[in-house]
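Student: The following block contains the structure, expressed as structure tokens.
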Amino acid sequence: VGKSHKIDDEFLEELEEILITTDVGVKGMTNILEHFQEIAEMEEIQDHRELLDLLKEIFHVILDDKPVPIKLNDGELTVIMLVGVNGTGKTTTIGKLAKKYRDQGKSVMLAAGDTFRAAAIEQLTVWANRVGCDIIKYESGGDAAAVVFDAVTAAKARKKDILLIDTAGRLHTKVNLMEELKKVRRVIKKVIPDAPHETLLALDATTGQNAVNQAAVFHKEIDLTGLILTKLDGTAKGGIVVAIKEELKLPVKMIGVGEKVQDLHVFDPSEFIEALLS
Amino acid sequence: SLSDKLQGIFEKLRGKGRLNEKNIQEALKAIKMSLLEADVNYKVVKDFMKATKEKALGQDVLKSLTPAQQLIKIVYDELARIMGESASELILNVNPPSVVMLVGLQGSGKTTHAAKLAKMLKKLGKKPLLVAGDIYRPAAVKQIQVLGEQIGVDVFSMGTKLSVPDIVKGAMAFAKDNEIDVVLVDTAGRLHIDDTLMVELEDVKKVCTPDEIMLVVDAMTGQEAVTVAKEFDDRLDITGLILTKLDGDARGGAALSIKYVTGKPIKFIGVGEKLNAIEVFHPDRIAQRILG
Ligand SMILES: Nc1nc2c(ncn2[C@@H]2O[C@H](COP(=O)(O)OP(=O)(O)OP(=O)(O)O)[C@@H](O)[C@H]2O)c(=O)[nH]1
Ligand SMILES: Nc1nc2c(ncn2[C@@H]2O[C@H](COP(=O)(O)OP(=O)(O)OP(=O)(O)O)[C@@H](O)[C@H]2O)c(=O)[nH]1
Ligand SMILES: [Mg+2]
Ligand SMILES: [Mg+2]
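Quick note, the sequences are listed as chains A and B, same order. The numbering used here puts the first residue of the first sequence at 639, with every later residue one more than the last. The numbering used here puts the first residue of the second sequence at 19, with every later residue one more than the last.
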């Protein structure tokens with residue numbers, strides 16, 4: 639952030655540029671600028687270094703200080719469902735999560751809940767083989783809810799620690815596809831009322847403000863528990879998660895930083911904020 | 019909508035006597051925010067607003083009886099001018115086979131749109147060939163084979179052990195021997211900053227001398243659209259773009275940013291997952307969507 643030493647128009651414009659170019663979005667920017675001006679006037683902040691620290695602080699307040707991990711049930715099956723619009727990295731992320739939990743000595747099962755897209759089941763099967771875990775899958779074109787019902791039943795019967803459910807990509811604007819997702823959630827609850835224990839939205843870091851619409855609709859329809867921000871190894875900053883946290887209170891739990899099985903990390907707000915402002 | 023917003027702004031000003039340069043600022047700010055909300059690139063919006071302001075003052079919008087309408091028209095005309103005058107055609111070679119390469123970031127819709135183009139070309143009486151150029155993504159070859167089967171188009175594959183340029187070389191030989199009209203080369207998704215994989219695309223280009231290199235871009239892409247498009251364009255000299263997933267509610271500002279910065283035309287849009295969900299791009303329609 640540049641050379642101005644007080645909150646003048648030049649400084650506000652620089653702030654606007656940072657917030658927009660990192661995809662925090664117009665609404666996120668407006669909220670942050672309001673917080674900013676209130677606090678800065680109260681504390682009579684005049685030094686530009688202090689202004690930058692204040693911005694960091696506001697981000698910390700919005701994103702929380704410490705990572706929010708994926709909640710695992712102790713000694714009981716944890717059901718984790720991945721959802722999101724097309725191409726955001728759901729299937730790949732499930733492969734990475736499976737590896738992470740296998741490395742922790744947990745038994746993992748996958749559910750091939752994308753029964754629609756060409757070779758979706760084959761794609762998930764490659765990951766199951768790579769990681770060394772069971773996969774419940776049927777013929778392509780079948781009923782997604784049926785596969786998921788059987789997978790939850792099987793995971794419970796075989797005393798698995800973790801069940802990872804892949805779902806087909808779908809635009810949040812497609813009412814019938816959102817209804818299908820709600821049906822999948824209902825059948826999960828038929829087997830385990832408390833499940834899914836985590837419903838994670840895979841969000842592509844290159845996405846602009848449409849990410850807020852995605853999160854809002856998915857959250858309204860099927861109750862999200864968090865986000866996984868993928869493709870952060872690119873040049874996009876993924877700032878929209880700040881707006882999503884502010885508006886919907888949904889935290890980012892994990893980040894995807896590549897296409898390999900190990901490219902999944904716990905979301906660290908401090909590192910993320912540093913990268914946003916770098 | 020933006021035009022409602024501007025109407026409201028100018029009506030409020032009407033009571034306050036003569037319109038002047040200062041109170042047109044509120045209207046200009048509303049336009050700027052609308053473009054930023056549409057994910058148009060920040061720098062592009064700055065340039066655009068500078069040109070818009072000059073036009074607005076020059077045309078003396080302030081003296082107009084309908085300043086909101088006049089301002090909207092200035093903005094809309096400028097948007098449409100940037101997007102290009104009319105839909106661009108697919109470049110097909112006089113001497114077959116024509117070659118179309120599809121490139122872009124991970125998950126943008128390349129494989130799906132290779133198949134959509136193949137289906138479209140088949141309907142036009144051409145003999146297309148799909149090339150399985152993604153040797154990395156799990157079951158990528160299977161994916162394009164399944165799509166090829168669905169539309170009755172041959173898929174050329176040499177598995178995942180040979181290099182992509184070698185596979186494409188094989189595809190070109192096959193195409194010539196089998197009287198193929200159009201070769202559609204699907205490639206793996208990649209980051210514009212991955213030099214090794216960008217070099218792979220440059221090598222593929224050398225091997226098949228494409229008539230079209232289409233950058234496939236997701237309509238929901240945010241600010242980074244310009245950086246990505248510029249890098250692919252600088253390295254490959256793309257000939258056009260396919261903007262995908264426009265069946266959602268993304269405003270699609272990336273389209274304006276990319277056209278403004280690269281000058282390359284958007285030729286097609288993807289409007290669904292089914293293989294018939296592809297349309298020729300119409301610049302005026304996206305201008306309306308971006309403005310909001
Ligand atoms: N660079 C990068 N690529 C990723 C990341 N996560 C996924 N990908 C790539 O993104 C593309 C799409 O990934 P998928 O896992 O198929 O996405 P999906 O959400 O399951 O897609 P659909 O099921 O079709 O909706 C693939 O090429 C992945 O390798 C990431 O963190 N970084
Ligand atoms: N709704 C909608 N979905 C689309 C459209 N185009 C592609 N998709 C979906 O987006 C997802 C990704 O499409 P792919 O064709 O696999 O994308 P890709 O660019 O080949 O992905 P990589 O090879 O992994 O880089 C799939 O779920 C497609 O069905 C579109 O226009 N609309
Ligand atoms: Mg998938
Ligand atoms: Mg592909």
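For glycine and all other residues, C-beta sits at the position ideal for the given N, C-alpha and C. None of these values were measured; they are calculated from a predicted model.
G127(B) and G725(A) look like a contact to me (Cβ under 8 Å); what is the Cβ gap, rounded to whole Å?
Tutor: Confirmed, Cβ separation roughly 7 Å.
Student: Let me have the residue list for ligand 4: C-beta closer than 7 Å to any non-hydrogen atom, ordered along the chain.
Tutor: Taken from the N-terminal end onward, the list reads K128(B), T129(B), D152(B), R155(B), A158(B), Q161(B), D204(B), A206(B), G207(B).
Student: Three or more C-beta pairs closer than 8 Å, one from the stretch 214-225 of chain B and one from the stretch 249-265 of chain B: is that the case here?
Tutor: Cβ pair count under 8 Å is three or more, so yes.
Student: Does the Cβ-Cβ distance between P146(B) and D212(B) come in under 8 Å?
Tutor: Not closer than 8 Å, so no.
Student: Starting from the beta carbon of G722(A), find every residue of chain B whose beta carbon is closer than 7 Å, and list them in chain order.
Tutor: Going along chain B, no residue has its Cβ under 7 Å from G722(A), so there is no contact; the nearest lies around 10 Å.
Student: Taking just the CA atoms, how far does V173(B) sit from K141(B)?
Tutor: C-alpha separation (whole angstroms): 17 Å.
Student: Taking CB distances under 8 Å as the criterion, tell me whether Y60(B) reaches chain A.
Tutor: So, interface residue.
Student: Leaving out five residues before and five after S106(B) in sequence, what residues of the same chain have Cβ atoms less than 8 Å from its Cβ?
Tutor: The answer, listed in chain order, is G258, P283, I284, K285, F299.
Student: Just grab the DSSP bridge partners of L801(A) for me.
Tutor: For L801(A), which the question treats as bridged, DSSP gives the partners V717(A), M747(A).
Student: Buried or exposed: which applies to K641(A), given that a residue is buried once 16 or more other Cβ atoms fall within 10 Å of its Cβ?
Tutor: Legend: pLDDT at K641(A) = 49, less than 50; position of this residue unreliable, value from coordinates given subsequently. Classification of K641(A): exposed, given that the 10 Å Cβ count is below 16.
Student: With distances taken Cα to Cα, identify the nearest neighbour of T205(B) among K134(B), Q77(B), G122(B), G188(B).
Tutor: Of K134(B), Q77(B), G122(B), G188(B), the residue nearest in Cα terms is G122(B).
Student: Using a Cβ-Cβ distance under 8 Å, would E55(B) count as near chain A?
Tutor: With 8 Å as the cut-off, E55(B) counts as an interface residue toward chain A.
Student: Since I153(B) meets chain A, which of its residues come closer than 8 Å, beta carbon to beta carbon?
Tutor: Those within 8 Å of I153(B) in chain A number zero; the least Cβ separation is about 13 Å.
Student: Would L147(B) pass as an interface residue toward chain A - the criterion being a Cβ-Cβ separation below 8 Å?
Tutor: Judged by the 8 Å Cβ criterion, L147(B) is not in contact with chain A.
Student: Going by the DSSP bridge assignment, what does P146(B) pair with across the sheet?
Tutor: Beta-bridge pairing links P146(B) to V200(B).
Student: What do you reckon, is the C-beta of K775(A) under 7 Å from a heavy atom of ligand 3?
Tutor: Every heavy atom of ligand 3 is 7 Å or more from the Cβ of K775(A), so no.
Student: How would you write the range of the beta strand (DSSP E) that A840(A) sits in, first residue to last?
Tutor: Run containing A840(A): 836-842, per the beta strand (DSSP E) assignment.
Student: When the Cα atoms are used, what is the spatial distance from V879(A) to K694(A)?
Tutor: So the alpha carbons of these two residues sit roughly 15 Å apart.
Student: Under 8 Å, Cβ to Cβ, is there at least one residue of chain B near T731(A)?
Tutor: Answer no: the Cβ-Cβ gap between T731(A) and chain B never drops below 8 Å.
Student: Which residues in chain A sit within 7 Å of Q161(B), going by Cβ to Cβ distance?
Tutor: Near Q161(B) (Cβ distances below 7 Å), the residues of chain A are A756, A757.
Student: In angstroms with no decimal places, state the Cα-to-Cα distance between Y776(A) and A750(A).
Tutor: Looking at the two C-alpha atoms, the distance is approximately 8 Å.
Student: Identify which residue in V717(A), P907(A), M892(A) has its Cα closest to the Cα of E797(A).
Tutor: Note on residue identity: the sequence assigns Lys, not Glu, to residue 797(A). Of the listed residues, the one whose Cα sits closest to K797(A) is V717(A).
Student: For E230(B), which of helix, strand or coil comes out of DSSP?
Tutor: It is a strand residue.
Student: Mind pulling the beta strand (DSSP E) runs of 3 or more residues that sit fully within the stretch 106-193 of chain B?
Tutor: Correct list: 116-121, 146-151.
Student: How far does the alpha helix (DSSP H) with K728(A) in it extend, from its first residue to its last?
Tutor: K728(A) -> alpha helix (DSSP H) spans 728-741.
Student: Runs of 3 residues minimum, wholly inside the stretch 866-915 of chain A: which ones carry the beta strand (DSSP E) assignment?
Tutor: Qualifying beta strand (DSSP E) stretches, in chain order: 890-894, 902-904.
Student: Within this structure, are the beta carbons of K891(A) and G864(A) separated by less than 8 Å?
Tutor: Contact: yes.
Student: Rounded C-beta distance between T844(A) and K883(A)? I'm assuming under 8 Å.
Tutor: About 19 Å separates the two Cβ atoms, so there is no contact after all.
Student: Thinking C-alpha only, which one of T837(A), L692(A), V829(A), N814(A) is nearest A678(A)?
Tutor: Per the Cα distances, L692(A).
Student: Kindly list, in the order they appear in chain B, the residues whose Cβ is closer than 7 Å to that of N851(A).
Tutor: Within chain B, the residues near N851(A) are D267.
Student: For V746(A), go through chain B and note every residue whose CB falls closer than 9 Å to its CB, in chain order.
Tutor: Near V746(A) there are no residues of chain B at all, since even the closest Cβ is about 17 Å away, more than 9 Å.
Student: Would you report the Cα separation of A98(B) and V289(B), rounded to the nearest angstrom?
Tutor: Cα-Cα distance, rounded: 21 Å.
Student: Would you give the residue range spanned by the beta strand (DSSP E) that L8(B) belongs to?
Tutor: This structure leaves residue 8(B) out entirely; chain B is present only between 19 and 310.
Student: Shorter than 8 Å from the beta carbon of K821(A) to some beta carbon of chain B?
Tutor: No, its Cβ sits nowhere closer than 8 Å to a Cβ of chain B.
Student: Using a Cβ-Cβ cut-off of less than 9 Å, list which residues of the stretch 113-138 of chain B approach chain A; keep chain order.
Tutor: The stretch 113-138 of chain B vs chain A, Cβ under 9 Å: L123, Q124, G125, S126, G127, T129, T130, A133.
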